[in-house]
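> Have a look at this one.
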Amino acid sequence: MERHHPDFNKENQRLYETKQYIKKILEAGEGRQESFKGNIKEAFENLDYLDSSLSYINILVNAKFIEMTSSDLEHLKRVENKPYFARIDFKSEHSIDSDAFYIGKVSLFKKDTQESLIVDWRSPIASVYYDGRLGEVEYFSEDGKVTGELTLKRQFTIEEGKLVDIRDIDITTRDDLLQSSLSGSADNRLTEIVSTIQAEQNEVIRADLTKPIIVQGVAGSGKTTIALHRISMFIYTYSNKIDPEEMMILAPNHLFIDYISEALPDLGVEQIKQTTYSEYVRNCIGKKIKVIHPDEKLLSLLEGKNEASSELIKWSSSYKGSLDFKEVLKRYVKDIQDEYKVTENFKVEVFTIYKAKNLNRLFFKDYNYLPLNSRVKKIKSVLQSDFKKKKKEMIELIEKKFEDRFDQLYYSMNNTEERRKKVVHLNDQKEKKLERIKQTKSKVVTDFIKEHYPSYKIFKYYQQLMTNRGLLQKYTANELTSDQMEYLLSTSEIYFAKNQYEYEDLAPLLYLQHLLYGIDKKWQMKKVVIDEAQDYSLFQFYALQLSTGTDLFTILGDLSQGIHSYRGLNNWEELTSHVLTRSNYKTLKKSYRTTIEIMNLANELLGHFIPKLDSAEPVVRHGRFPAFQPIETNRDVKRTVEVTLQDIQEQQLKTIAIITKTVEEAKRLKKLLQQVNSFSFQWLKENEAIEQGKVAIVPAYLAKGLEFDAVVLLNLEESYTETDMDIKLLYVAMTRPLHRLEFIGRTPNVFLLNHLNHTKYVIHHSKEE
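Oh and the sequence shown: position 536 is 536 in UniProt numbering, straight run, nothing missing.
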């Protein structure tokens with residue numbers, strides 16, 4: 001324990017007092033919860049089901065109190081043993097003395113004096129800790145700019161409720177808390193970032209919350225954790241205006257959702273929706289459609305068996321994700337809309353309830369702002385309302401008409417018996433007509449709507465377009481080549497026959513759903529976060545903006561990791577120019593994940609093959625050089641892997657992954673390593689959680705967004721080629737480890753190491769048994 005700091009005893013006492021106060025708050029809170037539960041029980045016992053308003057309100061109020069108290073207590077429990085991680089002393093320009101602020105994950109005040117015990121890291125004053133150096137500083141509060149002097153910046157290491165270390169930070173002092181965090185294991189880094197947020201990360205987290213933001217961040221720059229903390233900041237700032245369930249994270253896959261799940265409660269954002277793009281579209285459409293896994297196309301392209309076919313696959317993916325294709329659908333929907341033109345009046349018997357021209361005015365003009373199906377629903381409601389109103393008028397008109405005819409008979413016929421017979425007959429006619437009108441129900445409206453307005457599902461419309469040569473030629477304005485046209489028609493017919501859709505069909509379907517039927521309010525959002533956004537197409541972003549009803553997107557990605565660039569983005573300017581036009585744009589160039597030695601080699605790879613992409617700037621943390629180990633036989637593989645993993649474990653590294661180029665290679669390796677008894681292996685699939693204590697075997701595309709203490713890149717039969725896709729895939733794999741990177745393969749060439757600076761990696765030759 002570091003006791004040499006002059007303020008150690010004072011800070012230790014302060015920590016003890018804070019913990020004691022939290023303990024009292026928790027005990028009191030639990031007591032209040034029991035009281036609220038008792039109130040609910042009493043209200044139920046006194047509930048008068050004939051006049052239940054007061055008791056019912058009592059139940060609701062106490063239930064809400066329990067919910068609020070539970071949430072607050074839960075957050076306080078999480079920080080009970082580590083209530084804060086830093087302290088700043090700030091003297092505003094109009095003050096004589098400095099005020100001390102202890103910064104943690106929640107705010108806490110003494111109820112009697114309102115003295116601040118802990119300041120929430122999201123509060124305006126806390127930004128001084130992240131951005132400021134000792135001396136003159138400023139921050140922005142609700143009242144405007146506040147200037148003053150930062151006289152102390154102090155970091156605490158608190159473990160299991162005990163003060164372990166105190167460090168004061170000045171201009172020359174290195175951020176030891178960051179260094180300590182980066183030197184640790186990958187298994188808890190997501191939950192510990194609050195205490196080590198750096199200035200450039202803090203700038204993104206606190207950037208204007210009223211505008212969308214696009215963040216280009218290199219591998220290891222903390223994009224994922226920044227995204228989570230920005231959501232937390234959003235909830236903190238707009239807690240009275242936005243429900244967390246009106247916010248959504250779109251993750252690349254379920255493995256990623258599982259990976260971030262531990263951090264969400266810690267940040268108080270566990271209630272936000274977490275889903276994938278595919279699932280979101282399914283929910284909006286309201287039907288579970290079969291979507292071909294988005295990575296199947298990538299794996300097909302990686303195999304690259306048919307170059308001509310590969311080029312058409314890339315073109316099709318790019319085209320369906322383009323705004324050009326959005327315009328094709330827009331023209332198509334305009335013609336679909338014309339099918340909704342009514343030519344007949346809405347009549348009941350001989351009575352005209354609503355003229356066709358007025359119905360068309362409603363549809364094409366008055367309700368033009370609504371999706372087509374919503375317009376039909378509005379018109380149906382109007383017809384039902386008018387029919388109900390005019391039903392009484394129709395009855396009165398029928399009765400008057402027959403009264404006039406009765407009068408006419410009375411004055412025109414002298415033969416009493418004949419007149420009586422005609423009156424009886426006329427009266428029967430009247431009663432029948434009146435009965436028909438009275439019996440006519442609102443079904444007559446439903447029947448009219450069904451007969452005159454189309455009610456196809458979006459799938460029928462989409463399939464009709466994509467499998468009909470004439471329609472496709474018409475709406476693409478004959479801009480496609482014959483090969484492109486044939487490819488779209490043939491693949492669509494094959495997939496639709498199996499009731500399947502490509503991943504790239506989802507944006508068009510979502511767009512059609514928005515235009516034709518609208519989006520359920522449950523899936524309209526007020527804030528959206530998209531990680532690994534470089535893999536999204538412009539059309540995906542466009543359709544998402546329409547369906548969610550907001551442009552408040554936090555978009556994070558790295559073009560260097562754009563392994564789906566054939567369907568995704570090649571630059572962020574496309575997005576800011578055509579979709580999110582009011583976005584802020586930020587770049588994160590510092591990499592906090594991996595060592596200088598590993599990052600230098602990864603940068604060398606990008607610089608050699610794709611020099612236009614930005615290189616990462618690793619923070620000052622050294623480690624071993626990446627190492628290559630050759631293998632020739634399967635026996636070599638087993639021995640080399642076992643020896644390497646043992647060496648990694650001796651280095652006290654906990655999370656380990658073996659990354660292969662493809663799924664097929666991962667399958668081969670898993671089978672081969674079954675005979676290695678000293679380690680347990682997990683072939684990691686998309687919907688699986690990472691099992692502790694096991695070495696993960698994972699294909700490179702699935703490793704994107706994850707991190708491990710050590711990574712072994714192992715290729716048995718496959719090699720990385722010099723294509724952009726392979727380069728980016730290899731870059732993704734190389735930037736997953738925090739501390740150690742090993743290559744195992746037939747030759748260095750399989751990892752393209754022969755093209756790179758030989759001083760940036762070493763070659764080890766396995767020892768014979």
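For glycine and all other residues, C-beta sits at the position ideal for the given N, C-alpha and C.
(1) Just tell me which of Lys-421, Gly-607, Ser-678 and His-622 has its CA closest to the CA of Tyr-731.
(2) At 3 residues or longer, what runs of the beta strand (DSSP E) sit wholly inside the stretch 616 to 664?
(3) Using a threshold of 8 Å, state whether the C-beta atoms of Lys-223 and Leu-613 are closer than that.
(4) Within the same chain, show all residues whose beta-carbon is closer than 6 Å to that of Tyr-236, passing over the 5 residues directly before and after it, in chain order.
(5) Within the same chain, show all residues whose beta-carbon is closer than 6 Å to that of residue 776, passing over the 5 residues directly before and after it, in chain order.
(6) Jot down the residue ranges of each uninterrupted alpha helix (DSSP H) in the stretch 233 to 274, minimum 4 residues, whole runs only, in chain order.
(7) DSSP three-state call for Leu-298: helix, strand or coil?
(8) My understanding is that Leu-255 touches Thr-662, with C-beta atoms under 8 Å, so please give their C-beta distance in whole angstroms.
(9) I need the straight-line Cα distance from Arg-189 to Lys-153, nearest angstrom please.
(10) Would the stretch 620 to 631 and the stretch 741 to 755 be scored as touching if the rule is three or more Cβ pairs under 8 Å?
(11) DSSP on Lys-365, reduced to helix/strand/coil?
(12) Using DSSP's beta-bridge definition, name the partner residues of Val-698.
(13) Please state whether DSSP places Gln-155 in a helix, a strand or coil.
(14) Suppose contacts are defined by Cβ-Cβ distances below 8 Å. Is Lys-638 in contact with Leu-672 by that definition?
(15) In whole angstroms, give me the CA-to-CA distance for Asp-447 and Lys-460.
(16) Apart from the five residues just before and just after Val-603, which ones in its own chain have a Cβ nearer than 8 Å to its Cβ?
(17) Identify, in the order they occur along the chain, each residue of the same chain with its Cβ nearer than 7 Å to the Cβ of Lys-326, setting aside the five sequence neighbours on each side.
(18) Kindly confirm or deny that the stretch 560 to 577 and the stretch 201 to 210 touch, where touching means at least three C-beta pairs closer than 8 Å.
(19) Is Ser-116 helix, strand or coil when you go by DSSP?
(20) Provide the residue(s) that pair with Glu-742 in DSSP beta bridges, ordered along the chain.
(21) If I measure Cβ to Cβ from residue 770 and keep anything under 6 Å in the same chain, skipping five residues before and after, which residues do I get?
(22) In the DSSP assignment, what residue or residues form a beta bridge with Ala-86?
(23) Ends of the alpha helix (DSSP H) at Thr-600?
(24) Among Asn-677, Ile-96 and Arg-567, which residue has its Cα nearest to the Cα of Tyr-503?
(25) Which residues in the same chain have their Cβ closer than 8 Å to the Cβ of Gln-484, if we skip the five residues on either side of it in sequence?
(26) Using the Cα positions of Met-725 and Gly-562, report the straight-line distance between them to the nearest angstrom.
(27) Would you mind stating whether Leu-552 and Lys-526 have Cβ atoms separated by less than 8 Å?
(28) Going by the CB atoms, is the gap between Leu-298 and His-564 shorter than 8 Å?
(29) At the level of alpha carbons, what is the spacing between Glu-642 and Asn-677?
(30) Going by the beta-carbon positions, is the gap between Leu-76 and Val-119 smaller than 8 Å?
(31) Roughly how many angstroms lie between the CA atoms of Thr-275 and Ile-610, to the nearest whole one?
(32) Determine the DSSP secondary structure at Gly-557, reduced to helix, strand or coil.
(33) Answer yes or no: do Val-215 and Leu-556 have a C-beta to C-beta separation smaller than 8 Å?
(34) Beta-carbon within less than 8 Å of residue 800's beta-carbon, same chain only, minus the 5 sequence neighbours each way: which residues are those?
(35) Can you grab the Cα-Cα spacing for the pair Ser-116 / Ala-100, in whole Å?
(36) Report the residue from Leu-645, Leu-653 and Ala-703 whose alpha carbon sits nearest the alpha carbon of Asp-709.
Well, looking at it:
(1) For Tyr-731, the nearest C-alpha among the options comes from Gly-607.
(2) 627 to 630 and 656 to 660
(3) no
(4) Arg-122
(5) Since the first residue of the chain shown is 1 and the last is 769, residue 776 is not available in this structure.
(6) 254 to 261 and 263 to 266
(7) In the three-state DSSP reduction, Leu-298 falls in the helix class (H, G or I).
(8) That pair is no contact at about 17 Å.
(9) The predicted model places Arg-189 with a pLDDT of 49, which falls under 50 and marks its position as unreliable, so this point remains unresolved.
(10) yes
(11) helix
(12) Ile-659
(13) strand
(14) Against a cut-off of 8 Å, the Cβ pair of Leu-672 and Lys-638 comes out as a contact.
(15) 22 Å
(16) In the sequence on display, residue 603 carries Asn and not Val. Around Asn-603: Ser-615 and Ala-616.
(17) Tyr-511, Phe-539 and Tyr-542
(18) no
(19) strand
(20) Ala-627 and Val-712
(21) Within the shown structure, residues of the chain are numbered from 1 to 769, placing residue 770 beyond reach of any answer.
(22) Ile-103 and Gln-155
(23) Going by the sequence as given, residue 600 is Asn instead of Thr. Element bounds for Asn-600: 596 to 609.
(24) Arg-567
(25) Leu-312, Trp-315, Ser-316 and Tyr-319
(26) Spanning the two alpha carbons is a distance of roughly 8 Å.
(27) yes
(28) Against a cut-off of 8 Å, the Cβ pair of Leu-298 and His-564 comes out as a contact.
(29) 9 Å
(30) no
(31) Taken atom to atom, the span from the alpha-carbon of Thr-275 to that of Ile-610 is near 32 Å.
(32) strand
(33) yes
(34) Only positions 1 to 769 of the chain appear in this structure, which leaves residue 800 out of reach.
(35) 9 Å
(36) Leu-653
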